[in-house]
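Colleague: Structure provided below as structure tokens; questions to follow.
Residue numbers (my numbering), protein chains in the order written: chain V, 109 to 385; chain P, 28 to 309.
The structure is reproduced here in structure tokens:
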């Protein structure tokens, strides 16, 4: 049901034209990325903006080819998109002219091999999974952001991929909706056993969701460290997991890693100026 | 107190979207009742009709060149009864309908191909730019020379004039499809053909319709002008013929019919557009 993803020595460069000198040059987005993701694992990828998180996701999804290194899934190289992997983007990417139900059916139409009845049944099952059965006939513009993203998740799960790739899916949602969806996502993950690779720039989100958190550094994008998150998730529904000591320690560790690579903050620059003067 | 200026209308207090969502209801703007809106519109039309009726009667304008409305309407009724009106309307409708329909049938596939295939786009764009900037009426004599003064040249000129708005709208509609939607189609492993059919074309329909609506108006406009020169039936012919023979009320009746036809075409297309894009607004 699930899958082992392996990235070794993955590099990605793009051609860019400089804003000032107008010259063509290479931009190194990723350099020597090694990452092993076990079958059924929930891995979060956290890093500063522009560090190449989404580039990694594009490569695993098969939307782009790496300039260097290899990506394999279950030992087979990734050559293009496939229905064994699915992606949830930050922008909900629902077709505005299709209802919630029909949007999920779209994925099943693409998969093929199902009759109209089967598609409709499967779509309702997954609408139910994300708790939106009542909204089956609503168009995307009649749904809130959180609902749209739940539909997008249902669509991605509907064709039963082995790997779910998520690119900051909750980034555009308000804090409460985001927390609720995080909990729902964990529940779905536990039920389906799908391998999840989840990108975020929010440390709390990375720690809360991931079994392991891969911390990235920017320019060139590299995996700096992979941290195992050891949280006691028993009875997570009642206790405030984010308030525990383990959570705070984990969070602080990642925070320090990300802080180390940042440029000095304004306050530090201010002190520097003060000292010189 | 109903808002009467745009400033008041736009800044009136109303629930924000989250409150609307919580209440599962939409905010209501007062003073925008349908009856009032309709009543005011009707009053405007009535004012125009009265001005048309009384300006000639009070000799503010020469009643011979600008007869009162009731004279024009009487003439219109007589023409409708004798079948003269329908004969001319029909021949205009056939011409603009054929040209308009052909334009839709050719411009949409061509526009889609131009937007979808880069080599096609790069090959055709400069040529099309040249033609697009050549006014249809400027080459009307060419059409008449080549295709004669019969139906063919009139249909061709309507086709030519209707072609570009639809073509450009199709190119714009297809080219501006949200790349995110294309990426998600790719993730779903859809073939380019399926992607076009299920994602790109439906997304482009609202934009294409803008072009179709422009062309609908153009089809009548250009046809009337074409019928001025060398035709023996049609609304344009009727207008120029009546004018030349000092049948002034008849001329105004024909002009009124042209307006009515334009209105009908426009509202018909608006209705069709709504049917095709019902998902856009609740």
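Glycine is no exception: its CB is placed at the ideal position from the N, C-alpha and C atoms.
Per DSSP, residue 114 of chain V forms a beta bridge with which residues?
Modeller: V:144, V:180
Colleague: I'd like to know if residue 46 of chain P contacts chain V, where contact means its C-beta is closer than 8 Å to some C-beta of that chain.
Modeller: no
Colleague: Quick check on the DSSP output: the alpha helix (DSSP H) that includes residue 64 of chain P runs from which residue to which?
Modeller: 61-84
Colleague: Thinking C-alpha only, which one of V:138, V:131, V:128, V:129 is nearest residue 117 of chain V?
Modeller: V:138
Colleague: With C-beta atoms as the reference, is residue 331 of chain V less than 8 Å away from residue 142 of chain V?
Modeller: At the C-beta level, residue 331 of chain V and residue 142 of chain V come within 8 Å of one another.
Colleague: For the beta strand (DSSP E) holding residue 331 of chain V, just list the boundary residues, first then last.
Modeller: 330-336
Colleague: Using only alpha-carbon positions, find the residue among V:235, V:229, V:114 that is nearest to residue 181 of chain V.
Modeller: Proximity to residue 181 of chain V across V:235, V:229, V:114 peaks at V:114, based on C-alpha coordinates.
Colleague: Determine, for residue 215 of chain P, whether the minimum Cβ-Cβ distance to residues of chain V falls below 8 Å.
Modeller: Yes, because at least one Cβ of chain V sits closer than 8 Å to the Cβ of residue 215 of chain P.
Colleague: Report the rounded CA-to-CA distance for residue 109 of chain V versus residue 193 of chain V, giving the unit in angstroms.
Modeller: Confidence in residue 109 of chain V is poor, its pLDDT being 44 and thus under 50, which makes the residue's placement unreliable; the coordinate value appears in the next sentence. When rounded, the distance between both Cα atoms is 12 Å.
Colleague: Please work out which residues of its chain come closer than 8 Å, Cβ to Cβ, to residue 361 of chain V, disregarding the five sequence neighbours upstream and downstream, and give them in chain order.
Modeller: 335
Colleague: Would you kindly check if the distance between the Cβ of residue 252 of chain V and the Cβ of residue 212 of chain V is under 8 Å?
Modeller: no
Colleague: Examine chain P for any beta-carbon lying closer than 8 Å to the beta-carbon of residue 175 of chain V, and answer yes or no.
Modeller: No - not a single Cβ of chain P is within 8 Å of the one on residue 175 of chain V.
Colleague: If you check the beta carbons only, do residue 132 of chain P and residue 197 of chain P fall under 8 Å apart?
Modeller: no
Colleague: Using a Cβ cut-off of 8 Å, pull out every chain V residue sitting near residue 208 of chain P, in sequence order please.
Modeller: 201, 203
Colleague: Residues in its own chain within less than 6 Å of residue 305 of chain V by CB, not counting five upstream and five downstream?
Modeller: If we look at residue 305 of chain V and ignore the five residues flanking it on each side, its Cβ neighbours are 151, 273.
Colleague: Kindly list the residues whose CB is nearer than 6 Å to the CB of residue 187 of chain P, restricted to its own chain and excluding five residues on each side of it in sequence; keep chain order.
Modeller: 163
Colleague: Taking the beta strand (DSSP E) that residue 307 of chain V falls in, what are its first and last residues?
Modeller: 303-308
Colleague: Below 8 Å between beta carbons: does that hold for residue 247 of chain P and residue 288 of chain P?
Modeller: yes
Colleague: At the 8 Å Cβ level, is residue 281 of chain V part of the contact set with chain P, yes or no?
Modeller: Residue 281 of chain V does not count as touching chain P.
Colleague: Answer yes or no: do residue 315 of chain V and residue 321 of chain V have a C-beta to C-beta separation smaller than 8 Å?
Modeller: yes
Colleague: If we count the other Cβ atoms within 10 Å of its Cβ and call it buried at 16 or more, is residue 160 of chain P buried or exposed?
Modeller: exposed
Colleague: Going straight from the alpha carbon of residue 349 of chain V to that of residue 355 of chain V, what length do you get?
Modeller: If I take the Cα positions, the gap works out to 7 Å.
Colleague: Examine chain V for any beta-carbon lying closer than 8 Å to the beta-carbon of residue 220 of chain P, and answer yes or no.
Modeller: no
Colleague: Of the residues that make up the segment 176-193 of chain V, which ones have a beta carbon closer than 9 Å to any beta carbon in chain P?
Modeller: 188, 189, 190, 191, 193
Colleague: Please confirm whether residue 226 of chain P has its beta-carbon closer than 8 Å to some beta-carbon of chain V.
Modeller: yes
Colleague: Let me know the secondary structure DSSP gives residue 34 of chain P once reduced to three states.
Modeller: helix
Colleague: Near residue 16 of chain P, which residues of its chain fall below 6 Å by C-beta distance, leaving aside the five closest residues on each side in sequence?
Modeller: Nothing can be reported for residue 16 of chain P: it is not among the residues displayed for chain P, which extend from 28 to 309.
Colleague: With a threshold of 8 Å between beta-carbons, can residue 229 of chain P be considered close to chain V, or not?
Modeller: yes
Colleague: Determine the chain V residues that contact residue 211 of chain P at a beta-carbon separation under 8 Å, and present them in chain order.
Modeller: 195, 197, 201
Colleague: I need the DSSP call for residue 325 of chain V, collapsed to helix, strand or coil.
Modeller: Here residue 325 of chain V carries a strand assignment [DSSP, helix/strand/coil].
Colleague: What does the alpha-carbon distance come out to for the pair residue 309 of chain P and residue 122 of chain P?
Modeller: With a pLDDT of 42 at residue 309 of chain P, under the threshold of 50, the modelled position of that residue is not reliable, and the figure given next carries that caveat. Roughly 37 Å between the two C-alpha positions.
Colleague: Run through chain P and tell me which residues come within less than 7 Å of residue 172 of chain V, C-beta to C-beta.
Modeller: Going along chain P, no residue has its Cβ under 7 Å from residue 172 of chain V, so there is no contact; the nearest lies around 11 Å.
Colleague: Excluding sequence positions up to five away, which residues of its chain have a Cβ less than 8 Å from the Cβ of residue 293 of chain P?
Modeller: 240, 243, 244
Colleague: Among residues of its own chain, excluding the 5 on either side of residue 302 of chain V, which ones have a beta-carbon nearer than 6 Å to its beta-carbon?
Modeller: 272
Colleague: Can you tell me whether residue 256 of chain V is buried or exposed? The criterion is at least 16 other CB atoms within 10 Å of its CB, across all chains shown.
Modeller: buried
Colleague: With a threshold of 16 other CB atoms inside 10 Å of the CB of residue 115 of chain P, please say whether the residue is buried or exposed.
Modeller: For residue 115 of chain P, the number of other beta carbons within 10 angstroms of its own is at least 16, and it is reported as buried.
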